[in-house]
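Reading through the C-alpha cells given below for one structure.
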Amino acid sequence: MTMSNAQVHPPNDAARIVMNQASAEKQVHKDATRMTITELIDYEEKYGKTDYEVMEEVITSSRSTSGYKTGFEGFGWIKGVLMRCVLCIFGATLFLRMSWIAGQIGIVLGTGVILLSLIIVILTAISMSAIVTNGEIKSGGCYYLVSRSLGPEYGGAIGLIFYIANIVNAAMNCVGLAEDIVFNKYLYEIIDGGINDIRIYGVVICTILQGIIFIGTEFENKTQLLLTISIIISLLSHFVGLLLPSTPMQLVNGISGYSLTTFMSNLWPDGHSRESFIAAFGVFFPAMTGIMGGANMSGDLKDPSKAIPKGTMCAILVTILTYFWCMISTAATTVRDSNCLESPFDIAGNYIEPDCAFNSTCKCGLANDFSIMAQQGIWYPLITLGVIATTLSSASGCLIGAPRVFQALCADKLYPGIFYFSKGHGVNNDPFRAYFLTYFIAIAIILIGQLNPIAELITLFFLSAFAITNFACFDATLAGHPDSDRLSNVNWGSSTDANRYRKALLGLIKLTRQSEHVKNYRPQLLVLSGNPIARQALVDFAHSITKGTNLLVCGHVIPYTSCVAATECTRQLNNKYTNWLHEQKLKAFYCGVAHTSLREGVQMLMQAVGLGKMQPNILFIGYLNHFWAIMKEDPKAFNEYTGVIQDAFEANLSLCICRNGDQGLDHSALFPDSDESLLAQLPNTMIAESALHDDKSRGVARRLTRPKAVPTSNAAMLIDAPSGFTKLTQSLNRNAPDTLKASNFARHIAMGKNLRYRTRFTPGYVDVWVMYDDGGLTLLLAYLLTSKPSFLENGKLRFFTICSENANADDVRNQLTHTLKKFRIAHHDVVVIVETDRELYQETTDEFEQLVSEINDNPSTPRLSSELLDKCHHRTQSILRQREYLFEHSSASNFVIITLPIASAEIVQGPLYMLWLHLLSEELPPTLFVRGNNTSVLTFYS
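Numbering (full-length UniProt numbering), first residue to last: 1 to 942.
Take a look at the structure:
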C-alpha cells in the first residue's frame, strides 16, 4: 500500500485456535501438526483414547506452550489507522497547493477535483475494506491484499506500482518542504534561491529522514501525536487569522479578508488561468493517496479486519472536509492576482486587476503565491510548523512503507534477481537493503526539483494501483456468482460452444498445475445416490452444500458384471439422469459404473471420478436404517456398506453420513413398474430402507425419563403438502417435478418425503456438535447449510462441544467462540458440556443392552463378541453419554450435525460402529455425521 508510519511486526506464528492447532504459516500451507486419520486411529488403538480426548490433549499442550498473544497486542483503529491515514493524507498539498488550485480553476472546478478524488478513494477504500474483512492479513499492505486475492500476476504488478508510487510520494513531500523553505519570507538562499536550492534542501531532508529510519522507527512512531498536534495548531492558526482584519502587507499580497465579492470572482476560472482541470487534479490527487496508510500497518493492528475499514473511512471524512475548507476559505479571502508592490484594492475595497494579470507575470495572489495560507495565519512560523509536520509525516511514512511493500514483493520471488532485497534484520525484520534502494531512487526523483510535475507523476501510479485494487474486489465478487443458465435449448453449433469447451479444458489443465492451498479448498462431493430420482432427498441435501458452485457427482453402482457389454447401459443412464438433473436445476454430474459388488463399485468411483484437481474430496452416503435386520437377512450387504465407510477412511476422503430421521432416503417404491426399462433396472444401491416402511420399532419401549429438549415455537416443521411445496420450491429457484400431478394422494404425500430437502424448514435451531478436530469441515458444512440457498437457510446455529473435568470449560468456550468469530460464522450460542463419570440413565443402559441382544440373537455365534465390547467399553460409555447429551439438548431442534467418530477397521466393519451411529442419531431430527480427513479446510488469513 501507499504509506505507513511505523514498522510492521511479523504476526505471532505461535498463535493457536481451537479448531486448528497448526501455526499461522503451517495452517495456510500445510497441516504439519494435526494427525492424519490413520495416525489418529493407530494412536487410539495404542493408547486407548478417543479422538476427542486426543484433540483435548493437543489443545491443552498448545495452550500451555503458546497460548494467546502476550505483550504487544497491536494498535486500535484510532492510533493504528485513523491517525496514520490522516498524517499520510495531510501532505505538502494541504498548505502549499489548495489556494493555488482555487486560483487556477476556480471554486466550482476545484470542488469538482475534490469530489472526483473523493469518489475514487471511497471506492478504493470500500474495495480494500471488503478484502481485509475477508480474513486476517499480514504485512505487505495493499500488495499482500491484492496478491492474495487476485493472484501473483496482479499482485506483482500492483506491488511494483505501489513501491514506486510510495517513493515518488516521499520525494514530493521532501520537495514540498524544501520549496517552503526556499520561498518563504526568510529567504534561506544557498545558490540561486530557486530550483537548485530546492534540490539541495530536498536531498538533505530525505537523508535526515532516512538516517532516523536506519537508527530505528520507534522514535518515528512516538512522534505521531506530536505531528498531529502540530497540524491542528497550524490549521487553528489559519482559521483564527482569517477572522482578523487584513494587515497592509496582506492587502499588498491580495488578501482582502472574507468578502462575497472576492468569493464570487473566484467562483469560476478566469481567462488568464494557465492550468487545466486535469492538471489541477493531477496535483491534488496525491494528497488523498494516504488512505492506504492503515492497511500498510496491518501487521501491527489488533484487529485489522475492523480497524482498517473504520479508521480509513473516518480519516477520509476528516481530511476531505479539511481540504475543502482550506480551498474555500482561501478563495473567499484572497484575489487571484497582485503585483506584490501595492494593494490591488481601492478605497472602497473594490478589486482592481493589476497589469501583470494580463500577461501572467504576477508573483502574488491566489493563483501565483503558494504561501497564501502561511500569510493568512496569525503567526507565519505556525503555518511553517504545519508544513513541516505534514510533509515529514507523509515522507517518513512512505520511506518506511515502501521498503516493506518491496520486501514482501521480493520474498514472493515474482521477479527475477530481486530476492536479495527481501532479507530483513533484527527482531522486526527491518528491510535495510530495501531502505538503501528506496533512498537512492527517492534522491533521483527529488532532483526534478518541482512539486507539480512530481505530483502528476504520482497520480498516474496511484490511479493504476487503485484501479487494480478495485478490480481485485470486483473479480472476487464476480467469481462467487456462477453464470446464468442459457435460456435457449437450440443447438446452434456456434463458435461460442467451441470456445466454451476450449476454455473449460484449458481451465482444468491450469487448475491441475495449481498447488493446493487451504484458501482454495472447495467441498467436492461424491454422493452415492444410486438412482438419483429415487433418492432425490439425498441429492437435494448435497446440493444445499455445493450450491452449484462446487463439484457434485451422483455415483451409481449398477448391478451388472463389470464388462464392455455394460458400457451402453451406463451411457444411456448417464444421458437420462444428466437430463433429469438439468430439469431439476441441480448443478451436478451423474456417473454410473457396472459392478456386482457395491463396495468394489464404490472403490472404482473413488478412484476414477473427476479430472485433475476436479476430484471429489468428500464421500456422501445415506444412513443404513434397520442395520441389525439387514445384518441378519443379508450379511453381505451389511459388510459392503460398512466396507465403504472403511474404504473412505483408508482413502483419506472426508465422509458424511446423512440420516433422514426414520424416513430413510430410498423412495424407489414410489415409481411404478411402467417406467422406462432403464429405470426398472436400477438397483437399491444405497442399501437404505424405504420411507414407506419406517423404522418405528427398536425392540424396546420408548422412555421419557431422560432429560429431553422441550420443543419451542421454532421447533422443526416441514411443509410436505403440495401447496407449500410448490411455493417454497419456486422460492429456491427450482422446478417442481411433474410427479406431483399424480392422483394418488398417499403417493403424493410420500413424494413429499422424497422432496424433503427441496423445501425450506421453518426457522429453528441447527445444532452442531463439535466432538473432534477434523480440520474444520464440520464448521464449514454447518455454515454452508445455513447459507442461501438451502433448506436450513433461516436456521440459528448452536455449537456444542464436550470437554473433560480436567479442562477449563470457560477457556474451551472462549476459544471456540473466538474461532467462530475468526471464520465469521454467525452463531446463536456456544455450549460447553463438561463430561463427568456419572452413572448413565437406566433407560440408556437398557436400550443399549436390548440392541446388543437384537444383534446377538444367536448366543452360540454372537455377532458382537464380549471381548470387543470389553475392549471398547470406555468408548461405548462415552458414546452413550453423548447420546444422553444429544437427546437432552437437540431432540427438539430442526437439524443436528455431529462430528463422525472414527475407529479401527475391526470396529468399523462390524456391528458395533453402526450401533454407535444408531445411538447418536436415534430419536433425533434429521442428522448429518461429518468427518473431515484432518486437513485444514478453513483459514482466517486472506
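Here a beta-carbon is modelled for each residue, glycine too, at the ideal position from N, C-alpha and C.
Spatial distance of I418 from L160 (CA atoms): A straight-line Cα-Cα distance of about 11 angstroms links I418 and L160.
Backbone CA spacing between P737 and N579 [nearest angstrom]: At P737, the pLDDT of 44 sits below 50, so the modelled position is not reliable and the matter cannot be decided from this model.
Delimiting residues of the beta strand (DSSP E) encompassing A594: In the DSSP annotation of this structure, the continuous segment of the beta strand (DSSP E) that includes A594 starts and ends at 589 to 594.
The segment 354 to 373 touching the segment 202 to 216, judged by at least three CB pairs closer than 8 angstroms: The segment 354 to 373 vs the segment 202 to 216: no contact.
CB-CB length for G776 against L619, believed under 8 angstroms: Going by Cβ atoms, the distance from G776 to L619 rounds to 18 angstroms, so no, they are not a contact pair.
DSSP-derived helix/strand/coil call for A721: Per-residue confidence for A721 stands at a pLDDT of 32, beneath the threshold of 50, marking its modelled position as unreliable; the derived number appears in the next sentence. Here A721 sits in coil by DSSP.
Sequence-distant residues of its chain with Cβ nearer than 7 angstroms to A130 (five each side left out): Same-chain partners within the cutoff: C473.
Run of the alpha helix (DSSP H) containing R84, from where it starts to where it stops: For R84, the uninterrupted alpha helix (DSSP H) segment begins and ends at 83 to 89.
Counted within 10 angstroms of its Cβ, other Cβ atoms place R486 as buried (16 or more) or exposed: Only weak support exists for where R486 lies, its pLDDT of 36 falling under 50; the value from the coordinates is given anyway. Result: exposed.
Euclidean distance between Cα positions of S360 and G271: Here the alpha carbons of G271 and S360 stand approximately 10 angstroms from one another.
Y323 versus L463 - alpha carbon distance: So the alpha carbons of these two residues sit roughly 20 angstroms apart.
In DSSP terms, what T899 is bridged to: Answer is V930.
First through last residue of the alpha helix (DSSP H) which encompasses V203: First-last of the alpha helix (DSSP H) with V203: 195 to 215.
Beta-carbon proximity of R97 to V387, cut-off 9 angstroms: Using a Cβ distance threshold of 9 angstroms, R97 and V387 do not count as a contacting pair.
Local Cβ density within 10 Å of K519, reported as buried at 16 or more and exposed below that: Classification of K519: exposed, given that the 10 Å Cβ count is below 16.
Of the listed residues P911, I657, I897, nearest to L779 (C-alpha basis): L779 has its Cα closest to that of I897, out of P911, I657, I897.
With 16 other Cβ atoms within 10 Å as the buried cut-off, status of R502: Per the 10 Å Cβ criterion, exposed.
Whole-Å CB distance - T312 paired with L242, under 8 angstroms assumed: Their Cβ separation, rounded to whole angstroms, is 30 angstroms, which puts T312 and L242 out of contact at 8 angstroms.
Of the listed residues C656, D767, S544, Y351, nearest to residue 963 (C-alpha basis): Residue coverage of the chain in this structure runs from 1 to 942, which leaves residue 963 outside it and unanswerable.
C-alpha distance - M172 paired with R336, whole-angstrom precision: Cα to Cα, the separation comes out at about 25 angstroms.
Simplified DSSP assignment, three categories, for I378: The answer is coil: DSSP assigns I378 none of H, G, I, E or B.
Continuous beta strand (DSSP E) stretch holding I618: start and end: For I618, the enclosing beta strand (DSSP E) begins and ends at 618 to 622.
Residue 979 (DSSP reduced to helix, strand or coil): For the chain, the structure presents residues 1 to 942; residue 979 sits outside this window and is missing.
Proximity to S394 [Cα-Cα], best of L919, G932, S891, A170: Closest in C-alpha terms to S394, from the list L919, G932, S891, A170, comes A170.
Rounded separation between T459 and M292 - CA only: If you draw a straight line from the Cα of T459 to the Cα of M292, it is about 14 angstroms long.
Alpha carbon of L526 to alpha carbon of C554, nearest angstrom: About 6 angstroms.
Own chain partners of C206 with C-beta closer than 8 angstroms, once the 5 adjacent residues on each side are dropped: Excluding its 5 nearest sequence neighbours in each direction, C206 has C-beta neighbours in its own chain below 8 angstroms: A170, A171, C174, A395, L399, Y439, A442, I443, I446, listed in chain order.
Rounded straight-line distance, which links the Cα of F90 to that of V113: Taking the straight line joining both Cα atoms gives about 16 angstroms.
G661: first and last residue of the uninterrupted beta strand (DSSP E) it sits in: No beta strand (DSSP E) holds G661; DSSP gives it neither H nor E.
C656 and I621 closer than 9 angstroms at C-beta: Yes, the pair counts as a contact, with Cβ atoms nearer than the cut-off.
CB of A455 within 9 angstroms of CB of F285, strictly: Contact: yes.
8 angstroms contact criterion, which T844 and R883 should meet: CB distance rounded: Confirmed, about 6 angstroms.
Of the listed residues S597, P309, R881, T819, nearest to T561 (C-alpha basis): Closest in C-alpha terms to T561, from the list S597, P309, R881, T819, comes S597.
Neighbourhood of F461 by C-beta distance below 7 angstroms, restricted to the same chain and skipping five residues each side: The beta carbon of F461 is closer than 7 angstroms to those of I161, I164, A165, V168 in its chain, skipping five residues each way along the sequence.
Selection from L115, I308, D540, L919 that minimises the alpha carbon distance to R758: Ranked by how close their Cα comes to the Cα of R758, the residues L115, I308, D540, L919 have D540 in first place.
Among M288, P304, N639, nearest to V318 - alpha-carbon criterion: Put simply, of M288, P304, N639 the residue whose alpha carbon is nearest the alpha carbon of V318 is M288.
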